[in-house]
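A.B. asks: Take a look at the following structure, please.
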Amino acid sequence: MKKITRRQALAGSGIALAGAALVGKQALSQASDPHAGHKMPAQMDHSQHGATTKVFKKPVVDPNAVYKTPRGNPWYARTVDPEESFQPGEPGKDYTPVVVPSGATLPFNVVDDTKVFHLIAEEISHEFAPGFKAICWGYNGHTPGPIIEAVEGDKIRIYVTNKLAVPTTVHWHGIILPMGMDGVSGLTQRTIKPGETFRYEFKAVQHGTFMYHSHKDTMTQEGMGLTGMFILHPRKPKRERPHRDFALMLHEWDIKPGTYRPDTSVSSGFNTLTFNGKVFPGIEPLVAKLNDRVRIRIGNLSAMDHHPIHLHGYAFRETETDGGEIPESAWRPETTVLVAVGQTRNIEFVADNPGDWAMHCHMTHHVMNQMGHGLPNMVGADPGLLDKAVGSLVPGYMTMGTNGMIGMGQMASHMDMPENSIPMVGADGPYEYIGAGGMFTVFKVRENLTSYDNPGWYSPPKGTLVRPATQDEMDDDGIFAG
Ligand SMILES: [Cu+2]
Numbered sequence: 003m004k005k006i007t008r009r010q011a012l013a014g015s016g017i018a019l020a021g022a023a024l025v026g027k028q029a030l031s032q033a034s035d036p037h038a039g040h041k042m043p044a045q046m047d048h049s050q051h052g053a054t055t056k057v058f059k060k061p062v063v064d065p066n067a068v069y070k071t072p073r074g075n076p077w078y079a080r081t082v083d084p085e086e087s088f089q090p091g092e093p094g095k096d097y098t099p100v101v102v103p104s105g106a107t108l109p110f111n112v113v114d115d116t117k118v119f120h121l122i123a124e125e126i127s128h129e130f131a132p133g134f135k136a137i138c139w140g141y142n143g144h145t146p147g148p149i150i151e152a153v154e155g156d157k158i159r160i161y162v163t164n165k166l167a168v169p170t171t172v173h174w175h176g177i178i179l180p181m182g183m184d185g186v187s188g189l190t191q192r193t194i195k196p197g198e199t200f201r202y203e204f205k206a207v208q209h210g211t212f213m214y215h216s217h218k219d220t221m222t223q224e225g226m227g228l229t230g231m232f233i234l235h236p237r238k239p240k241r242e243r244p245h246r247d248f249a250l251m252l253h254e255w256d257i258k259p260g261t262y263r264p265d266t267s268v269s270s271g272f273n274t275l276t277f278n279g280k281v282f283p284g285i286e287p288l289v290a291k292l293n294d295r296v297r298i299r300i301g302n303l304s305a306m307d308h309h310p311i312h313l314h315g316y317a318f319r320e321t322e323t324d325g326g327e328i329p330e331s332a333w334r335p336e337t338t339v340l341v342a343v344g345q346t347r348n349i350e351f352v353a354d355n356p357g358d359w360a361m362h363c364h365m366t367h368h369v370m371n372q373m374g375h376g377l378p379n380m381v382g383a384d385p386g387l388l389d390k391a392v393g394s395l396v397p398g399y400m401t402m403g404t405n406g407m408i409g410m411g412q413m414a415s416h417m418d419m420p421e422n423s424i425p426m427v428g429a430d431g432p433y434e435y436i437g438a439g440g441m442f443t444v445f446k447v448r449e450n451l452t453s454y455d456n457p458g459w460y461s462p463p464k465g466t467l468v469r470p471a472t473q474d475e476m477d478d479d480g481i482f483a484g
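With this note's numbering applied, the sequence shown corresponds to residues 3 to 484, in that order.
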């Protein structure tokens, strides 16, 4: 058999490629030019005499071209030229630091021209709300871990020290980087063994709201709390920076009353639903001045549930996902933003409506705390005889839940509760008990603020607070209440 050289083989396939390209062109030109067919023989000749080598001298796909594609290309997700050099972005000057209610921000040092961070994966004692703690896994003493903040164009180096008893990795979720820095155990790296420190390094080539989390045994490790948010600010924002830029991470846990470790094997019935690792009333409120421009970045690394997060008193715009900025023409006006597992969403609005506004997951089971789940249904039951009978055996026994869950939350304050547990719902509010827990917080907007500390409860202006109707008013308006 005749031996074919590599050069000949390439030339041969070149003819085939060039021919295929011309057939494609032919089809296109035929569609617009009824006489196109007459040109075919000449073109075929051309392909056989010289077009072949051109294909290989000027390959259609230049491996570097992707970095040189202009910004106008809609497929180009990078927002800065990766080859351009930038000074490390400075907080206050190049970006307004994000506010993390009940959370923390990871400090960094600048070494030469690189921002150097140090994440430590470790077992922590985490408080979900006063009186309710668990042994979780987190980063630098927190779950979710402290947010990492940088600016597009920054060179970033992150040391990850593993102080857990098991191997781990960190995946930088949504961030465009070289594959070897992606943190997927087995696929892109070997795991970081207990006691080891690994060095992740990449340049930020985009801006937006991203996350980080373990990518080793994720059901256990994310479930135990190895999650965090990663914010990359734009070098030159298209719009004015918001006055208040908040970050909230959504998570869910199963911590059975009386136990101290999350059960990560469950796939439903999570009983502890958290904003930044806290259940209401354990979370700090979001505070803004009247007419501040506000952005809230929401990420979800729950195991199983998407969370529709509803803000009272406002209509906001969904402006950004973890894939990038949504063009203004496509902003979605919403009052509830659905954040699926593995997604981030930014919402923006002007805080032009003063007050204490509820902000919460709209799944009713997600604004319950730990003990509100899995109880027998007693709504509407008359427990009189039962209480008497059981009370003779168990002094002080009282059936609970006959009027719903909120009474149970209130009663809990003067009852013996199981060890390490919190009531199903609630906290004392300015008018009555607030029947909500879990993924619930308060967005507080005030006209006169000297700081963004919690300003306390809002006092509505005279005549703007709902009150009992008088009989005269009902008579005048033709309302018969029976
Ligand atoms: Cu939810």
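All C-beta atoms in this analysis are idealised placements derived from N, C-alpha and C, irrespective of residue type, glycine included.
From the DSSP output, in three-state form, read off glutamate 475 for me.
C.D. replies: It is helical.
A.B. asks: If we call anything under 8 Å between Cβ atoms a contact, is histidine 245 one with valine 153?
C.D. replies: Not a contact, by the Cβ cut-off of 8 Å.
A.B. asks: Contact defined as beta carbons within less than 8 Å: I believe isoleucine 349 pairs with threonine 321. What is the distance between those atoms, to the nearest angstrom?
C.D. replies: 7 Å between Cβ atoms; contact.
A.B. asks: Excluding the 5 residues flanking threonine 346 on each side, which residues of the same chain have their C-beta closer than 6 Å to its C-beta?
C.D. replies: Hits under 6 Å: Thr211, Gly301 and Asp324.
A.B. asks: Looking at glutamate 254 and phenylalanine 277, is the spacing between their C-beta atoms short of 8 Å?
C.D. replies: Contact: no.
A.B. asks: In three-state DSSP terms, what is threonine 276?
C.D. replies: Note: threonine 276 maps to strand in three-state DSSP.
A.B. asks: Which of the three DSSP states is assigned to asparagine 66 in this structure?
C.D. replies: Any answer about asparagine 66 is weak, because its pLDDT of 49 lies below 50 and its placement is not dependable; what the coordinates show is given next. If DSSP states are grouped into helix, strand and coil, asparagine 66 belongs with coil.
A.B. asks: For the alpha helix (DSSP H) that glycine 210 lies in, which residues bound it at each end?
C.D. replies: Taken as a continuous stretch (DSSP letters only), glycine 210 belongs to no alpha helix (DSSP H), being part of the beta strand (DSSP E) at 210-215.
A.B. asks: Which residues share a DSSP beta bridge with valine 296?
C.D. replies: DSSP, once it has assigned bridges, lists Arg246 and Phe351 as partnering valine 296.
A.B. asks: With a floor of 3 residues, list each beta strand (DSSP E) that falls wholly inside the stretch 433-457, ordered by position along the chain.
C.D. replies: Listed in chain order, they are 442-448.
A.B. asks: Assign alanine 123 to one of three DSSP states: helix, strand, or coil.
C.D. replies: Note: alanine 123 maps to strand in three-state DSSP.
A.B. asks: Could you please give me the residues that DSSP links to methionine 251 through a beta bridge?
C.D. replies: Note: methionine 251 sits in a beta bridge opposite Gly301.
A.B. asks: Let me check one thing: in DSSP terms, what residues is valine 162 bridge-paired to?
C.D. replies: Answer is Leu121 and Phe200, bridged to valine 162.
A.B. asks: Any heavy atom of ligand 1 closer than 7 Å to the CB of leucine 275?
C.D. replies: Leucine 275 Cβ: within cutoff of ligand 1.
A.B. asks: Is the beta carbon of valine 207 less than 8 Å from the beta carbon of isoleucine 160?
C.D. replies: Not closer than 8 Å, so no.
A.B. asks: With C-beta atoms as the reference, is isoleucine 149 less than 8 Å away from methionine 221?
C.D. replies: In this structure, methionine 221 does not lie closer than 8 Å to isoleucine 149 by Cβ.
A.B. asks: For alanine 438, count neighbouring Cβ atoms within 10 angstroms of its own Cβ and tell me buried if that reaches 16, exposed if not.
C.D. replies: By the neighbour-count rule (16 or more Cβ atoms within 10 Å), alanine 438 is buried.
A.B. asks: DSSP on glutamate 151, reduced to helix/strand/coil?
C.D. replies: Looking at glutamate 151 - three-state DSSP - the assignment turns out to be strand.
A.B. asks: What's the gap between the Cα of valine 268 and the Cα of methionine 213?
C.D. replies: Taking the straight line from one Cα to the other gives about 23 Å.
A.B. asks: Beta carbon of histidine 229, beta carbon of glycine 147: below 8 Å?
C.D. replies: For the sequence presented, residue 229 should be read as threonine rather than histidine. Cβ distance < 8 Å, so threonine 229 and glycine 147 count as in contact.
A.B. asks: In this structure, what does DSSP give as the bridge partners for proline 93?
C.D. replies: The partner list for proline 93 (beta bridge, DSSP) reads Tyr97.
A.B. asks: Out of curiosity, what's the CA-to-CA distance linking leucine 252 and aspartate 478?
C.D. replies: For leucine 252 and aspartate 478, the distance between alpha carbons rounds to 49 Å.
A.B. asks: Would you be able to state if there are at least three C-beta pairs under 8 Å between the stretch 330-340 and the stretch 282-297?
C.D. replies: Segments in contact, no.
A.B. asks: Hey, is the stretch 162-172 in contact with the stretch 113-126, meaning 3+ C-beta pairs nearer than 8 Å?
C.D. replies: Contact holds: three or more Cβ-Cβ distances are below 8 Å.
A.B. asks: Taking the alpha carbon of glycine 155 as the reference point, which residue from Lys117, Asn450, Gly227 and Thr452 has its own alpha carbon closest?
C.D. replies: The option with the nearest alpha carbon to glycine 155 is Lys117.
A.B. asks: Quick one, what's near ligand 1 if you take every residue whose CB is closer than 5 Å to any heavy atom, in chain order?
C.D. replies: That gives His309, Cys363, Met365 and His368.
A.B. asks: Less than 8 Å between the C-beta atoms of proline 283 and alanine 131, yes or no?
C.D. replies: A contact, by the Cβ cut-off of 8 Å.
A.B. asks: Tell me the start and end of each unbroken beta strand (DSSP E) in the stretch 321-350 that is at least 3 residues and wholly inside, in chain order.
C.D. replies: Taking only runs of at least 3 residues, the beta strand (DSSP E) segments lying wholly in the stretch 321-350 are 334-336 and 338-341.
A.B. asks: Looking only at its chain, what residues have a beta carbon closer than 7 Å to the beta carbon of arginine 8, apart from the 5 residues adjacent to it on each side?
C.D. replies: With a pLDDT of 42 at arginine 8, under the threshold of 50, the modelled position of that residue is not reliable, and the figure given next carries that caveat. Once the five neighbours on either side are set aside, arginine 8 has no close Cβ partner at all.
A.B. asks: Ordered along the chain, which non-local residues of its own chain (more than five positions away) have a Cβ less than 6 Å from that of phenylalanine 442?
C.D. replies: These residues qualify, in order along the chain: Phe282, His362 and Val369.
A.B. asks: Assuming threonine 107 is part of the alpha helix (DSSP H), what are its boundary residues?
C.D. replies: That residue, threonine 107, is in no alpha helix (DSSP H); it is neither H nor E in DSSP.
A.B. asks: Compute the Euclidean distance between the alpha carbons of arginine 295 and glycine 225, then round it to the nearest angstrom.
C.D. replies: Approximately 34 Å between the Cα atoms of the pair.
A.B. asks: Spell out the partners DSSP gives aspartate 486 in its beta bridges.
C.D. replies: Examination of residue 486 is not possible in this model, given that the chain is present from 3 through 484 alone.
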